[in-house]
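A short worksheet on the structure shown next.
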Amino acid sequence: MGTEISLSDVRGLIGMETGLSDWITVDQTMIDAFAGATDDHQFIHVDPERAAAESPFGGTIAHGFLTLSLLSAMNYNCLPKVREQTMGINYGFDRVRFMTPVKSGARVRGRFLLSDARFRGGGMLMTTYDVTIEIENEKKPALTAKWITIIQFDPKDRPEDV
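The numbering of the sequence shown is the UniProt record's numbering, which starts it at 1 and goes up by one.
Right under this line is the structure:
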């Protein structure tokens with residue numbers, strides 16, 4: 001994918017994989033910081049010795065919501081930039097499934113397929129991505145989701161043919 005596209009090009013990408021992010025290492029420092037930010041200190045996330053002894057994971061795992069939150073960084077890393085965009089808005093998710101735990105020290109990356117793009121109002125394009133977060137050397141992904149975002153732009157830049 002190129003690094004920059006025009007607003008009028010977005011709808012032509014429906015059905016295509018539009019991005020594959022770089023790998024991100026999810027280490028214990030990241031997990032601990034997320035635990036602190038969310039006040040979720042369950043031992044399977046923050047106590048390596050206890051998690052190794054008492055959980056089926058063999059050590060600590062990332063919070064599912066930590067893994068989900070990495071989509072923003074993955075998005076900025078790999079999706080083409082829309083030239084006319086003034087702001088991006090996270091609209092939400094229609095579906096999120098946590099498939100495989102992400103073990104501390106694992107590397108993950110995001111795969112983005114544009115499944116829909118609809119103009120709304122004068123200055124918004126709502127995009128829907130089928131996203132998958134893959135775990136390096138794992139057959140099953142960490143998660144799959146349908147992510148809805150809004151590309152905001154100046155209404156004067158709206159393509160005439162839509």
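Glycine included, C-beta positions come from ideal geometry on N, C-alpha and C.
Comparing alpha-carbon positions, which option in the options lies nearest residue i?
i           : options               : result
residue 102 : 3, 138 and 72         : 138
residue 136 : 160, 121, 100 and 161 : 100
residue 123 : 85, 26 and 41         : 85
residue 121 : 16, 54, 157 and 58    : 157
residue 32  : 55, 134, 159 and 105  : 105
residue 65  : 40, 18 and 12         : 40
One question on the structure: do residue i and residue j come within less than 8 angstroms of each other, judged by their Cβ atoms?
i           : j          : result
residue 28  : residue 67 : no
residue 93  : residue 63 : no
residue 82  : residue 7  : yes
residue 140 : residue 95 : no
For the putative contact between residue i and residue j, defined by C-beta atoms under 8 angstroms, what is the C-beta separation to the nearest angstrom?
i          : j          : result
residue 80 : residue 3  : 6 angstroms
residue 75 : residue 22 : In fact, because the Cβ distance is near 12 angstroms, the residues do not count as touching under 8 angstroms.
Between residue i and residue j, what straight-line distance do the alpha-carbon atoms span, to the nearest angstrom?
i           : j           : result
residue 38  : residue 44  : 15 angstroms
residue 162 : residue 126 : 13 angstroms
residue 118 : residue 108 : 30 angstroms
residue 10  : residue 57  : 41 angstroms
residue 25  : residue 160 : 43 angstroms
residue 69  : residue 36  : 15 angstroms
residue 54  : residue 71  : 30 angstroms
residue 142 : residue 50  : 22 angstroms
Stretch-stretch touch, CB-based, cutoff 8 angstroms, three pairs: the segment 143 to 161 with the segment 88 to 100 = yes
inquiry  = Whether or not the segment 127 to 135 and the segment 109 to 116 are in contact is what I'm after, with contact meaning three or more pairs of Cβ atoms, one per stretch, closer than 8 angstroms; do they touch?
reply    = yes
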